[in-house]
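J.:
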Amino acid sequence: MANIIEFQNVHKSFGELKVLDDLNLHVEPGEKLALIGPSGSGKTTILRILMTLETLSSGRIIVDGDYLWHEEKGGRLIEASDAHLHKMRNGIGMVFQHFNLFPHLTAVQNIEQPQILVRRTPKIEAREKAMELLGLVGLSDKQNHFPHELSGGQQQRVAIARSLAMDPKIMLFDEVTSALDPELVDEVLNVLRRLAADSDTTMLTVTHEMHFARDFADRVLFFDKGKIVEAGKPEEIFTHPKEERTRNFLSKFITVT
Amino acid sequence: MGQILEFTPLLIEGTWMTIKLTVVSAVLALVISFVVGLSRLSSSRSVRVLATIYLEFFRGTSALVQMFFMFYVLPLLGLTLSPFTAGVIACGFNLGSYGSEVVRGAVQSVGKGQHEASTALNYTVYQRYRYVLIPQAVPMMIPPFGNLLIELMKLTAVTSLITIADLTFVAQIIRAQTAMTLEPFLLILVIYFLIASVLVGFTDFVARSIARKRHITLAGVRRS
Numbered sequence: 012m013a014n015i016i017e018f019q020n021v022h023k024s025f026g027e028l029k030v031l032d033d034l035n036l037h038v039e040p041g042e043k044l045a046l047i048g049p050s051g052s053g054k055t056t057i058l059r060i061l062m063t064l065e066t067l068s069s070g071r072i073i074v075d076g077d078y079l080w081h082e083e084k085g086g087r088l089i090e091a092s093d094a095h096l097h098k099m100r101n102g103i104g105m106v107f108q109h110f111n112l113f114p115h116l117t118a119v120q121n122i123e124q125p126q127i128l129v130r131r132t133p134k135i136e137a138r139e140k141a142m143e144l145l146g147l148v149g150l151s152d153k154q155n156h157f158p159h160e161l162s163g164g165q166q167q168r169v170a171i172a173r174s175l176a177m178d179p180k181i182m183l184f185d186e187v188t189s190a191l192d193p194e195l196v197d198e199v200l201n202v203l204r205r206l207a208a209d210s211d212t213t214m215l216t217v218t219h220e221m222h223f224a225r226d227f228a229d230r231v232l233f234f235d236k237g238k239i240v241e242a243g244k245p246e247e248i249f250t251h252p253k254e255e256r257t258r259n260f261l262s263k264f265i266t267v268t
Numbered sequence: 004m005g006q007i008l009e010f011t012p013l014l015i016e017g018t019w020m021t022i023k024l025t026v027v028s029a030v031l032a033l034v035i036s037f038v039v040g041l042s043r044l045s046s047s048r049s050v051r052v053l054a055t056i057y058l059e060f061f062r063g064t065s066a067l068v069q070m071f072f073m074f075y076v077l078p079l080l081g082l083t084l085s086p087f088t089a090g091v092i093a094c095g096f097n098l099g100s101y102g103s104e105v106v107r108g109a110v111q112s113v114g115k116g117q118h119e120a121s122t123a124l125n126y127t128v129y130q131r132y133r134y135v136l137i138p139q140a141v142p143m144m145i146p147p148f149g150n151l152l153i154e155l156m157k158l159t160a161v162t163s164l165i166t167i168a169d170l171t172f173v174a175q176i177i178r179a180q181t182a183m184t185l186e187p188f189l190l191i192l193v194i195y196f197l198i199a200s201v202l203v204g205f206t207d208f209v210a211r212s213i214a215r216k217r218h219i220t221l222a223g224v225r226r227s
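Residue numbers (my numbering), protein chains in the order written: chain Z, 12 to 268; chain U, 4 to 227.
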């Protein structure tokens, strides 16, 4: 099957700092990927580049058969226009570490407004779908609550529902439990576990929750210093890591958990 | 003091004129605040430069002189404005320049995460401002806008100098016709103050309605 995401020799620097160093990465449709590694290893940057929140310094990215950051014009590859980026973003959704719900809208409005504005879904249908998704994340009774009236875990579940409502082919989860109190982490991770098991959406998650990564992912990528150090099935990475750096990194978690 | 009662109809007319000037100039100032304030955030450099020139010109020169310019100089260039129009433009353009900074500051203070969320949901730039950033910025604009509204109302007194029969103008008439000085000016001070109180009440009302709708408490809003 053709890859849904391909990174070809992607470099990204912030000034002197190299964040991604000649990255090559292929993701199959429906695959669930967990990106792990120390802070500053470039994991989040991958998601942000895919969501077009961050540009790349060089290289190519292909999403669903089309260049993400480039477009072909007269046989030449040029930088993507705003219109091209707008088209490409249609198939991609992202859930953020700090939720980023719209604070002036209620839970249900947060989920229905993007459908109405971006997908041109009729209001009634958008509301129905919003309610259905609130049910899916276990928050049917919170529909008229504003974000500040919800706990962090509840806000994050609303944010997941908001992203799902757009039917993305690719979903990106950027450390979605890092800003939560420990006792609220599981309610969010359980929603994601269920999603990963039930849907054929391609999902990439950056996480520091190793147990979750193991349940969630078909493939785990260990990043360090802008490179993929090791990749493989969760069993392999977590029980028999080949690389010294992976072992070192994982040992810090095993002692804690 | 009883003598001043003879001027009641004139005072009412003057009060009414001050209110009309305030309301019409406020609408103009509000429109300008948003147009110029948002233009200052435009991705187009030329739009930003034009907006900045506007802002610095009207903020940096005297409203009174601007009004004289419109009323006395523009006719020489073939453009004659009625006193009311010249007064409204001078007041509205002036407060609009201050208001544009309120709009710009409030919109800019909305967090980066909101920009990113609207990009991730694939909102257009227009939709991002219209449905995400501006609605969040508006509650922050209300208190400074309330101050500017009172400033504007007081500024309308300068229009008496181009023959508009507002409160200040009426006070001058009374003084000229009766030789009373204390009474008319004391009286219009009170009337100005009462109008300002109504404007404060109006601002609080708007802030409270927004707060109630969004289940929030706003800084500086009196509890009802």
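Built from N, CA and C at the ideal position, the CB exists for glycine as well.
Computed from a predicted model, the values in this text were never measured in an experiment.
Classify T206/U as buried or exposed, calling it buried when 16 or more other Cβ atoms lie within 10 Å of its own Cβ.
T.: It is buried - the Cβ of T206/U has at least 16 other Cβ atoms within 10 Å.
J.: Mark S28/U as exposed unless 16 or more other C-beta atoms lie within 10 angstroms of its C-beta, in which case mark it buried.
T.: Buried: at least 16 other Cβ atoms inside 10 Å.
J.: Any C-beta of chain Z within less than 8 angstroms: which residues of the segment 123-136 of chain U qualify?
T.: Within the segment 123-136 of chain U, the residues whose Cβ lies closer than 8 angstroms to some Cβ of chain Z are A123, L124, N125, Y126, T127, Q130, Y134, V135, listed in chain order.
J.: Is any beta-carbon of chain U found at less than 8 angstroms from that of M62/Z?
T.: M62/Z counts as touching chain U.
J.: Where does I16/Z sit, in a helix, a strand or coil, going by DSSP?
T.: Three-state result, I16/Z: strand.
J.: Would you call the segment 64-72 of chain Z and the segment 21-29 of chain Z touching, i.e. three or more CB-CB distances under 8 angstroms?
T.: Because the criterion of three Cβ pairs below 8 angstroms is met, the segment 64-72 of chain Z and the segment 21-29 of chain Z touch.
J.: For I56/U, count neighbouring C-beta atoms within 10 Å of its own C-beta (all shown protein chains included) and say buried if the count is 16 or more, exposed if not.
T.: That one is exposed.
J.: How many Å lie between R130/Z and S212/U at the Cα?
T.: Taking the straight line joining both Cα atoms gives about 31 angstroms.
J.: Helix, strand or coil: which one does DSSP assign to K236/Z?
T.: DSSP places K236/Z in coil when its eight states are reduced to three.
J.: What does R71/Z pair with, by DSSP beta-bridge criteria?
T.: According to DSSP, R71/Z bridges with Q19/Z.
J.: For Q124/Z, would you say it is in contact with chain U, using Cβ-to-Cβ distances shorter than 8 angstroms as the test?
T.: At least one chain U Cβ lies under 8 angstroms of Q124/Z.
J.: With respect to the alpha helix (DSSP H) encompassing G102/Z, which residues constitute its N-terminal and C-terminal limits?
T.: No alpha helix (DSSP H) holds G102/Z; DSSP gives it neither H nor E.
J.: With 16 other CB atoms within 10 Å as the buried threshold, where does N259/Z fall?
T.: By the 10 Å Cβ count, N259/Z comes out exposed.
J.: Which partner residues does D77/Z have in the DSSP bridge list?
T.: Beta-bridge pairing links D77/Z to V74/Z.
J.: Quick check for students: name the residue ranges of the beta strand (DSSP E) that lie wholly in the segment 83-167 of chain Z, counting only runs of 3 or more.
T.: Segments of the beta strand (DSSP E) lying fully in the segment 83-167 of chain Z: 87-90, 103-106.
J.: Can you tell me whether H115/Z is buried or exposed, with buried defined as 16 or more other CB within 10 angstroms of its CB?
T.: Its Cβ being crowded by 16 or more others within 10 Å, H115/Z is buried.
J.: Does the distance from the CB of V240/Z to the CB of E254/Z come in under 8 angstroms?
T.: Taking 8 angstroms as the Cβ cut-off, V240/Z and E254/Z qualify as a contacting pair.
J.: Of all the CB atoms in chain U, is at least one closer than 8 angstroms to the CB of P158/Z?
T.: By this cut-off, P158/Z is not an interface position.
J.: Counting only Cβ pairs nearer than 8 angstroms, list the residues of chain U close to L203/Z.
T.: Correct list: empty, because the minimum Cβ distance to chain U is about 17 angstroms.
J.: Output needed in chain order: residues of the segment 81-111 of chain U with a Cβ under 8 angstroms from some Cβ in chain Z.
T.: Here the close residues number zero.
J.: Using a Cβ-Cβ cutoff of less than 8 angstroms, which residues in the same chain neighbour R178/U once the five nearest sequence positions on both sides are dropped?
T.: Within the same chain, R178/U has close Cβ partners T184, P187, F188.
J.: Where do the ends of the beta strand (DSSP E) carrying I92/U lie?
T.: Not the beta strand (DSSP E): I92/U falls in the alpha helix (DSSP H), residues 86-111.
J.: For G146/Z, count neighbouring Cβ atoms within 10 angstroms of its own Cβ and tell me buried if that reaches 16, exposed if not.
T.: Exposed.
J.: Would Q117/U count as contacting chain Z if we go by Cβ distances under 8 angstroms?
T.: At least one chain Z Cβ lies under 8 angstroms of Q117/U.
J.: Taking any Cβ of chain B, which residues in the segment 96-116 of chain Z have a Cβ under 7 angstroms from it, in chain order?
T.: Annotation note: the requested chain B is absent from the structure, which comprises protein chains Z and U.
J.: Please state whether the Cβ-Cβ distance between M144/U and V113/U is less than 8 angstroms.
T.: Contact flag unset, no.
J.: Between T181/U, L158/U, G108/U, V135/U, which lies nearest to E119/U when the distance is taken from Cα to Cα?
T.: Selected option, being the one with the closest Cα: V135/U.
J.: Under 8 angstroms, do I165/U and F74/U count as touching if we go by C-beta distance?
T.: Their beta carbons are under 8 angstroms apart, which means I165/U touches F74/U by this criterion.
J.: For chain U, is any of its Cβ atoms less than 8 angstroms away from the one on V267/Z?
T.: With a pLDDT of 45 at V267/Z, under the threshold of 50, the predicted position of this residue should be treated as unreliable, and no value is reported.
J.: Take the Cβ of W80/Z as the centre, count every other Cβ of all protein chains shown within 10 Å, and call the residue buried at 16 or more, exposed below.
T.: Label assigned to W80/Z: buried.
J.: Less than 8 angstroms separating the beta-carbons of D229/Z and E42/Z?
T.: Cβ distance < 8 angstroms, so D229/Z and E42/Z count as in contact.
J.: If distances are taken between C-alpha atoms only, which option among D235/Z, G243/Z, K244/Z, K263/Z comes closest to G51/Z?
T.: When each option's Cα is compared against that of G51/Z, the closest is D235/Z.
J.: Identify every residue that forms a DSSP beta bridge with F184/Z.
T.: Paired residue(s): V106/Z, T216/Z.
J.: Would you say L170/U and G17/U are within 8 angstroms of each other, going by their C-beta atoms?
T.: Their beta carbons are under 8 angstroms apart, which means L170/U touches G17/U by this criterion.
J.: Just the C-alpha distance for V209/U and R215/U, rounded to the nearest angstrom, thanks.
T.: Looking at the two C-alpha atoms, the distance is approximately 10 angstroms.
J.: For the 8 angstroms Cβ check, are there 3 or more pairs between the segment 117-133 of chain U and the segment 86-98 of chain U?
T.: No: the two stretches stay apart, fewer than three of their Cβ pairs being nearer than 8 angstroms.
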